[in-house]
Amino acid sequence: MSTLLLKGGIVLIHGHNDKIQPRHADVLIQDCRIAEIGPSLTTPSGCNVIDCTDKIVSPGFVDTHHHLSETPLKGFFGDATLIRYLAMTLTAPFAFHPADMYWANLSGALEAIDSGTTTVLDHAHCNYTKDHSKQAIAGSLTSGIRSVFAYTPTLTMTAYKPNPEFADSIPSWFVPVLERLAGAKALTEANARVRLGFGFDRYSLPKDTIQELFEKVKSLGVNVVTSHYFRPKGDQSDRLPPLLKEYGLLDKNVVLSHAGGATAEDAALIKESGAYVSATPSLEAAMGLGPQAVFRNDLPGVDSVASFGIGCHSITSSSLVNEMRFGLQHARGLDSAANLRENKLPGRIHHTTHEAFNMATMGGARALGMETDIGSVEPGKRADLVVFSATSPSMLAAAQQDPVMAVVLHSSTRDVEDVIVDGVVRKRDGKMLPVESIEWDEDAGAFGPTGKEVPWNEVASKVLDLQQRFMAKRSRYDLAHLEGIVSSMIHAA
2 MSTLLLKGGI VLIHGHNDKI QPRHADVLIQ DCRIAEIGPS LTTPSGCNVI
52 DCTDKIVSPG FVDTHHHLSE TPLKGFFGDA TLIRYLAMTL TAPFAFHPAD
102 MYWANLSGAL EAIDSGTTTV LDHAHCNYTK DHSKQAIAGS LTSGIRSVFA
152 YTPTLTMTAY KPNPEFADSI PSWFVPVLER LAGAKALTEA NARVRLGFGF
202 DRYSLPKDTI QELFEKVKSL GVNVVTSHYF RPKGDQSDRL PPLLKEYGLL
252 DKNVVLSHAG GATAEDAALI KESGAYVSAT PSLEAAMGLG PQAVFRNDLP
302 GVDSVASFGI GCHSITSSSL VNEMRFGLQH ARGLDSAANL RENKLPGRIH
352 HTTHEAFNMA TMGGARALGM ETDIGSVEPG KRADLVVFSA TSPSMLAAAQ
402 QDPVMAVVLH SSTRDVEDVI VDGVVRKRDG KMLPVESIEW DEDAGAFGPT
452 GKEVPWNEVA SKVLDLQQRF MAKRSRYDLA HLEGIVSSMI HAA
């Protein structure tokens with residue numbers, strides 16, 4: 002049995018109604034779970050010890066919407082519109098081969114871990130062929146992150162000239178590959194760190210087709226379903242929650258990302274059904290996906306089923322702290338503006354740092370149906386933990402007064418000193434540790450370790466090679482023409 006003791010830290014412990022109670026305590030980890038929390042615990046023989054004096058021990062963050070494979074696309078979209086982003090990503094299938102997805106997902110997952118995220122719902126729209134997702138999953142397994150890999154039918158351009166052509170909405174190989182992955186031991190065993198989910202956005206398909214596909218997915222033991230929801234044509238756009246309810250698909254297994262343009266009726270349907278919302282405030286602001294759904298008086302009940310995600314780390318950072326901070330302060334700014342229009346200052350603060358922190362921890366855990374295993378520091382739960390410095394220049398004094406507030410408003414990735422996922426240290430003393438490669442064996446239909454260590458510099462080199470290839474391929478396409486195609490598709494929906 003492996004043991005690890007986090008000694009002498011300020012431990013953020015969730016109490017009744019998710020009220021966070023910081024305590025000076027030790028945290029004992031045995032194998033993959035938290036065994037004990039208390040002051041001055043006895044150090045077991047052979048136990049590794051991390052001195053957490055002047056440090057904060059936090060639950061690992063739970064990211065409920067992320068496209069992990071987008072690392073090679075960073076640097077292109079920070080000043081781009083949604084239409085430009087979608088047009089450029091249409092060319093990705095011509096640049097990225099199946100083996101490339103290993104490095105793309107591995108790098109995206111490592112960036113997330115580096116910033117304190119220990120669990121991610123990966124809406125994997127890199128499923129261009131029958132082999133791409135297998136390699137992407139291998140990258141996630143290698144990284145050490147906890148993940149729900151949402152296997153997704155992906156809009157895939159197969160030809161550009163003379164006119165763009167696209168693969169079938171549900172390719173013939175889609176369900177057989179899903180069935181094969183659903184039988185992979187690494188994704189289904191009791192202690193599996195990466196599990197299958199389902200991503201779906203093709204709601205223009207016939208009702209019977211959609212219902213049959215969802216039924217098939219759930220028959221394979223998939224318990225998390227995620228869909229994008231925003232309304233690019235405003236009130237002229239269809240609303241997804243009523244459609245899902247009509248089809249009998251809106252339930253506790255559903256996570257709707259963004260919910261831009263959601264109405265009060267949508268909020269009521271989501272809340273009543275037990276479904277969840279993933280807000281990505283930075284992305285929603287940057288890409289025009291509608292106002293963020295959290296911390297809004299006109300969407301009652303959403304905050305109680307809300308969590309945070311990143312969306313595209315090709316557009317913003319992978320830090321969930323940034324999303325807590327921006328989402329909270331943006332909402333406060335809107336509230337202040339409303340008060341100023343009435344010639345007054347706000348009489349109270351509009352939501353709190355503790356609320357934002359809970360959305361990134363227990364809120365995310367509940368959205369993924371994992372609240373009994375992750376989301377808080379509690380004996381018996383999985384050891385997914387983040388250790389922050391409490392005395393860095395940015396954290397000093399804030400951490401000693403309110404460590405939760407310090408994390409949300411003052412911390413950065415620099416302050417993330419240690420990250421532990423499933424009892425395994427993945428970041429130590431501010432540096433990411435090498436990982437052991439896990440690969441897909443097509444003949445065996447299984448994922449397995451290779452015994453090969455993969456350092457970050459190798460990951461970085463591979464990703465930069467992918468980016469150069471993407472740039473070279475991209476130059477062959479008329480982006481203005483592709484933008485017109487994307488715009489027509491959106492407005493025809």
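Using the working numbering, you'd call the opening residue of the sequence shown number 2 and step up by one each time.
C-beta: ideal position from N, C-alpha, C; glycine also.
Source: prediction; values computed, not measured.
By DSSP's assignment, residue 49 forms a beta bridge with 5.
DSSP lists 386 and 426 as the beta-bridge partner residues of residue 421. Its chain contains 30, 32, 33 and 384 as the residues whose beta carbon lies nearer than 6 Å to that of residue 424, once the 5 sequence neighbours on both sides are disregarded; these appear in chain order. Burial state of residue 54 is exposed, judged by a 10 Å Cβ sphere holding fewer than 16 other Cβ atoms. Contact between residue 361 and residue 57 is absent: CB atoms are separated by about 14 Å, not below the 8 Å threshold. Note: residue 308 is bridge-paired with 279 in the DSSP secondary-structure output. Residue 149 and residue 198 have their C-alpha atoms spaced approximately 6 Å apart. If one requires a minimum length of 4 residues, the alpha helix (DSSP H) runs lying completely within the stretch 75 to 142 are 83 to 90, 93 to 96 and 101 to 115, in chain order. One alpha carbon belongs to residue 479, the other to residue 125, and they sit about 26 Å apart. Residue 295 and residue 396 have their C-alpha atoms some 26 Å from each other.
Pairwise C-beta distances place the stretch 347 to 355 in contact with the stretch 327 to 335, as three or more of them are shorter than 8 Å.
In the DSSP secondary-structure assignment, residue 167 is bridged to 158.
In the structure shown, residue 31 falls within a strand segment according to DSSP collapsed to helix, strand and coil.
Judged by beta-carbon spacing, residue 128 lies beyond the 9 Å limit of residue 92, meaning their Cβ atoms are not closer than that value.
Pairing residue 312 with residue 284 gives a Cβ-Cβ distance under 9 Å. According to the DSSP assignment, residue 296 belongs to no alpha helix (DSSP H), since it is labelled neither H nor E.
Residue 368 sits away from residue 274, with the two beta carbons spaced by 9 Å or more. Per the coordinates, the alpha-carbon of residue 218 lies some 14 Å from the alpha-carbon of residue 228.
Beta-bridge annotation (DSSP): residue 367 is not paired with any residue. By the Cβ criterion, the stretch 446 to 453 is not in contact with the stretch 92 to 106, since fewer than three pairs of Cβ atoms, one from each stretch, lie closer than 8 Å. The DSSP-derived three-state label of residue 65 is strand.
A residue is called buried when at least 16 other Cβ atoms come within 10 angstroms of its Cβ; residue 293 meets this threshold and is buried. The Cβ atoms of residue 120 and residue 363 do not sit closer than 9 Å to each other. Membership of residue 209 in any beta strand (DSSP E) is not indicated; the residue belongs instead to the alpha helix (DSSP H) covering 208 to 220.
For residue 189, the uninterrupted alpha helix (DSSP H) run begins and ends at 186 to 189, by DSSP. Look at residue 490 here: in three-state DSSP terms it is helix. Residue 195 and residue 287 have their C-alpha atoms some 30 Å from each other. In terms of CA proximity to residue 463, 72 leads the group 431, 192 and 72. A distance below 8 Å between beta-carbons, with the five flanking residues on each side excluded, links residue 483 to the following residues of its chain, in chain order: 88, 89, 91, 92 and 165. Residue 380 and residue 414 have their alpha carbons spaced roughly 27 Å apart.
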